[in-house]
Each structure stands twice: as C-alpha cells, then as structure tokens.
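Participant: In full-length UniProt numbering, the protein residues as written are 1 to 585. All residues carry an ideal CB built from backbone N, CA and C; glycine is no exception.
#1: Quick check: residue 86 and residue 119, are their CB atoms within less than 8 Å of each other?
#2: Rounded C-beta distance between residue 481 and residue 341? I'm assuming under 8 Å.
#3: Whole angstroms are fine: how far does the CA of residue 258 sit from the CA of residue 224?
#4: Checking the sheet assignment: what are the DSSP bridge partners for residue 91?
#5: Where in the region 248-272 do unbroken runs of the alpha helix (DSSP H), each at least 4 residues long, occur, reported from the N-terminal end onward?
#6: Under 7 Å: does the beta carbon of residue 54 sit that close to some heavy atom of the ligand SAH?
#7: Please identify the residue among 377, 370 and 246 whose C-alpha is closest to the C-alpha of residue 11.
#8: According to DSSP, what are the bridge partners of residue 50?
#9: Residue 90: which of 219, 84, 78 and 353 sits nearest, CA to CA?
#10: So which of 26, 40 and 41 has the shortest CA-CA distance to residue 34?
#11: Rounding to the nearest angstrom, what Cα-Cα distance links residue 511 and residue 262 in this structure?
#12: Mark residue 554 as exposed unless 16 or more other C-beta atoms lie within 10 angstroms of its C-beta, in which case mark it buried.
#13: Looking only at its own chain, which residues have a Cβ that is under 8 Å from the Cβ of residue 271, when we skip the five neighbours before and after it?
#14: Looking at C-alpha atoms only, which residue of 409, 279, 565 and 28 is the closest neighbour of residue 242?
#15: Please classify residue 468: does DSSP put it in a helix, a strand, or coil?
#16: Going by other Cβ atoms of all chains shown within 10 Å of its Cβ, with 16 needed for buried, is residue 561 buried or exposed?
#17: Can you tell me which of 475, 75, 66 and 509 puts its alpha carbon nearest to the alpha carbon of residue 253?
#18: Please state if the CB of residue 465 and the CB of residue 567 are separated by a distance shorter than 8 Å.
#19: For residue 155 and residue 352, what's the separation of their Cα atoms in angstroms?
#20: Return the bridge partner residues of residue 118 from the DSSP annotation.
#21: Contact between the region 525-534 and the region 454-473 is defined here as three or more beta-carbon pairs at a separation below 8 Å; is this criterion met?
#22: Please return the same chain residues whose Cβ sits closer than 6 Å to the Cβ of residue 438, not counting the five positions on each side in sequence.
#23: Scan the region 59-88 and note each continuous alpha helix (DSSP H) run of 4 residues or more that stays entirely inside, going in chain order.
#24: Which residues in the same chain as residue 518 place their Cβ atom closer than 7 Å to its Cβ, once the five residues preceding and following it in sequence are excluded?
#25: Considering only residues of the same chain and omitting the five flanking positions on each side of residue 191, which have a CB-CB separation below 8 Å?
#26: Per the DSSP calculation, residue 34 is bridged to which residue(s)?
#27: Inspect the beta-carbon positions of residue 37 and residue 88 and report whether they are closer than 8 Å.
#28: Taking the straight line between their C-alpha atoms, what separation do you get for residue 23 and residue 274?
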C-alpha cells in the first residue's frame, strides 16, 4: 500500500459486485493509503413505489427471497474483507448521501489527508444508472479534493472489447458476407471506448457503456453473440487481493439490517394501496416463506455469498453434475441446472470465473452459452435505456398488433375481467397445472425452472393478453436470482415485444406432459393432485371436482398431436373431453 501523509484514500462502493475475485475496484489498491469498502442498502429498493404500468397499485423492487440472499451475500463479503485485514462498512439510506457523508468524514479528519476517490461498478438499468449519476453529481458539488471513477464487472465480455460502430458489428456478425458488402459511407463515427465526464474534468473517469458506445449492436441475439466472440477473447479473471489496509478507527463499521427491517414497508398496510394487485395475505405468505428453512421440495436450498457461489460452481462442474443435468425438465431439483444465476445477479460470482470452469471436456460448455445470452440482454438494456421498460420495446415486435386488456381496480372479484385473471395468475390459481406449480414454487422458494418461467410468461402475455410488464414487475419481486436485464429482457423476448422477436406461444398442458411425464414436479407442488394417475394429473380439471376451472380454454394448451391422442385414446380407453367439466369443477 502507498504510504505517506498525502497518500490518496479510496472508497469502494459495492453494489451488485459482492465479491473480491475478479473485481476491478480492487486492482489499484496498492496506489492508496486507505481502502474503505462500503455497501449501502438503498432504502428505495425496499420501499413501496407506484407500478410503472398500473396506477392503482404499488410494487417493491427487491422481494423477500432476494433480500434474504442479499443479506447472506453482504455478510459473506464482510467476512472475506475481515480475513484480509479490512472490513465492510454497512449503511442504510440513499447511496449519494451516504457516500458524501463518508467522503467528508475522511477528508476533514486530521488522521487522514490526501485525495478521496470514490469508485464503483456501473450497472444496466434506468434506476441503476440514475443512482450512479446522483452519486457523481453529489460529489461533483463537493468543494474538497475528490475524484470519482467507475468500471464494469457484471458481464463476460468487457465493454471496451466489443466492436465499435455499425460496420464493425456487421463485419463480425456476418464475416462470410463482407465480400458482397461495400463500405458504408454514412457509418456513425467511432465512439471512445473509455471516457472522462462530459466536461472532461480529470476528477471524473467513467467506463463508457453509453447508448452511443453500443450503437450498431445487432438486434438478433445469435448475430450479437457471434460478433462479440469474434471481437476479442474473454479476459482472464483476476485474483482477489491478498491483503488490505485496516479501516480508519474513527469510522464505525455499522450493523447488518435484519430481514424484518428490510421487509417492513412490504408488509405495511399504511398506504392503503394493494401491492402487485393481490391480497396482503398472499404477500405476507411469501415474506414468511423466505425466512424459513427451505421446503424439502425446494430446488434452491442455497445460501448467498461469494464463497458459497464458488463452492456451488466447483461441485456442479467437477463432480460431473453439469454434464448430467437435464435442463429441459419442468422440475428436476437442485442439480437440474447450475443455480449460479443468483450468484451472478448479486455479483457474488464473476462471469469470467464461471467461464473458466466451462472449458472443453468439462461437460459445462452450455454454461458459456448462457453467459453470452446474459451479456446480450445486459448490453441491449444499456443500449435501449428507458425503452426497455415500454410495452413495445422493439419496432419489429410481432406482438405489437395484440390488443392488451386493461386492468381496472375493484374488479379483482369479477370473473372474466382482466383484474380477476391477473389475480388468479399471480396467486397460482389459473387451473393450468404447470403454471400453478411454477408459481407456487416461485412464491415458496424464489426459484422455478426456465421451462416453467417460459410457460408462465406465455400464459400471461399470449393467452390472457395482460401487459407483460406487470409479470416482469412481479417476477422482479419474487425471484431470488433477479437481475433487471435478464428478467425484463426475457419477459419482452417471450412476449414477442422485444429485440429479436419471435412468435413463441407455449402449449402449457402439452409442455407439462412432455417435460414432466411422470408428473413428479406437479405432485411436488400441487399435493392435491397426488391421488390422480400420472396422465390425469396433467388435466385435473376433468377428474378433480375441487380443481378450479382453467382461466383459459384448456384445449388451447394442447398441441394438435396431443389433442388427437388425448381425445381418441384416454385412460383405460376412455374418451376424454377437452373442455372443462364445469359441473365437476
């Protein structure tokens, strides 16, 4: 570490980068006299705020399962820093106010001198970018000798390594076609890959992840991945710092907030407005489930934190579980997929560290593909900005011709209304077994398989014709592995309104029959169906008198082949009806 009375001091603002391995914020620590890591629980992440879509109810950004995982991850980071001689300051409030107070405290203390620098990693998302800018503006107005720097660590490909300008993207996305394409005379100018602030002040250096920097990115995911791979190799992951200087003794480290404190506004009824348009009892049930021991049926009994993420990844790959994983199944338990998404979402794991586990012969090569897809959604959100949260994200969206239904307050108990259908979908009462099982698992554990998520989204957007953004908001609150780019990007993608749009409409009953053929997943989360034979469990509306009438005609949820098969030859040769048996239900 740099010594002397004028040694600069570094404040490391941790966000969704709760790790030490491959974290660029620690690459320059040798140049500073003091390194002061801090994590601020942003009060806005846990507070009620109006829905971006529905003006009659509120939403909360961070849900119970993600909050529990976050608390574990922050505590794990604190332990890692303490092992290296440092500590993690923990605060609760608005980051720009917390960081200014800390910088002033350091700069005005006789025990320390020299410049104060605040560094952090940028993140995709409108709110995330706004938080960065508030910190920058607040510290800019500070008259003392200060500096701000930002980097970027949440993607596999570093933004500085991506193509620059439309021509570069096209050449790498379509290398075999370039001999047919003449040079474009009106291509946009090259944009600097790294930049200082707009007024070129040396006190501000930021990584360039602006929309202008990413201009020319392909809409099609496959083209983007091909161009990104061809532009530059993946950078190697950097090791964690071996040691760090102790924190100044006059700064209190702070206490980790309790789970109950983080959930206080979620369960409050003071506002008088519903949360996500569902009953407060349903909200309270999710809050209660997240702080209890995971059920035996949980596919995600994992703890948050960098060391837990590393242990999970190593065991999953090196014990051969990655090679044996059947990722197409509706359920499958802990080892049906990597479950590394939650660690990536909070930055407990570095994408490049995961990449290094996915080499040829590991059986985990498919993980590398998933990291590229994740990158696509992140850089696309950086490019689109606020447009990512509009009903129609892309001008090429096929679903733009759909007529979306309007949810009206007070109609939640009126069958057939959009508000009633929304409430049934959100609380696992659609009458479609795969959808209801997935939503129950999600509420109880914060997780359900990708197969289930796709089917759940398809029913809301394609069958119920309810604005996909309401589903994205609820998933943001329910998911333990939520990150804004993957969640909102995938919702737009499967709703047919996003970049690279395709007409994906899942037949949920056929999907259930194909990907849960023994009904093991259905029986795990819908115990009221365990008395039914396997083939009947996929269509309980025909055999169970207490099962709810499906929210949509179940015949629309079967492929043509399955319609023929289930109609002509049923259980023990009986002819099966496709329409729900209303009297029995």
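Facilitator: So, from the data block:
#1: With contacts defined as CB atoms closer than 8 Å, residue 86 and residue 119 fail to qualify as a contacting pair.
#2: The C-beta separation of residue 481 from residue 341 comes to about 4 Å, placing the pair in contact by the 8 Å criterion.
#3: Spanning the two alpha carbons is a distance of roughly 42 Å.
#4: Bridge partners of residue 91: 40.
#5: Listed in chain order, they are 259-267.
#6: Within the structure as shown, the ligand SAH is missing, as the structure has no ligands at all.
#7: With distances taken between Cα atoms, residue 11 lies closest to 246.
#8: For residue 50, DSSP records a beta bridge to 58.
#9: Taking only the C-alpha atoms, the option nearest residue 90 is 78.
#10: Of 26, 40 and 41, the smallest CA-CA separation from residue 34 is found for 26.
#11: Cα atoms of residue 511 and residue 262: separation of roughly 38 Å, rounded to the nearest angstrom.
#12: With 16 or more Cβ atoms within 10 Å of its Cβ, residue 554 is classed as buried.
#13: Around residue 271: 48 and 58.
#14: Ranking the options by Cα distance to residue 242, first place goes to 28.
#15: Looking at residue 468 - three-state DSSP - the assignment turns out to be helix.
#16: Its Cβ having fewer than 16 others within 10 Å, residue 561 is exposed.
#17: Each of 475, 75, 66 and 509 was checked against the Cα of residue 253, and the nearest Cα belongs to 75.
#18: Between residue 567 and residue 465, the C-beta spacing is not below 8 Å.
#19: In this model, residue 155 and residue 352 are separated by some 8 Å (Cα to Cα).
#20: Under DSSP, the beta-bridge partners assigned to residue 118 are 11 and 148.
#21: Segments in contact, no.
#22: The answer, listed in chain order, is 448, 452 and 456.
#23: Runs found: 64-83.
#24: These residues qualify, in order along the chain: 534.
#25: With a pLDDT of 47 at residue 191, under the threshold of 50, the modelled position of that residue is not reliable, and the figure given next carries that caveat. Taken in chain order, the residues that qualify are 164, 165, 208, 210, 212, 213 and 215.
#26: Answer by DSSP bridge pairing, in chain order: 9.
#27: Here residue 37 is near residue 88, since their CB atoms are less than 8 Å apart.
#28: Taking the straight line joining both Cα atoms gives about 40 Å.
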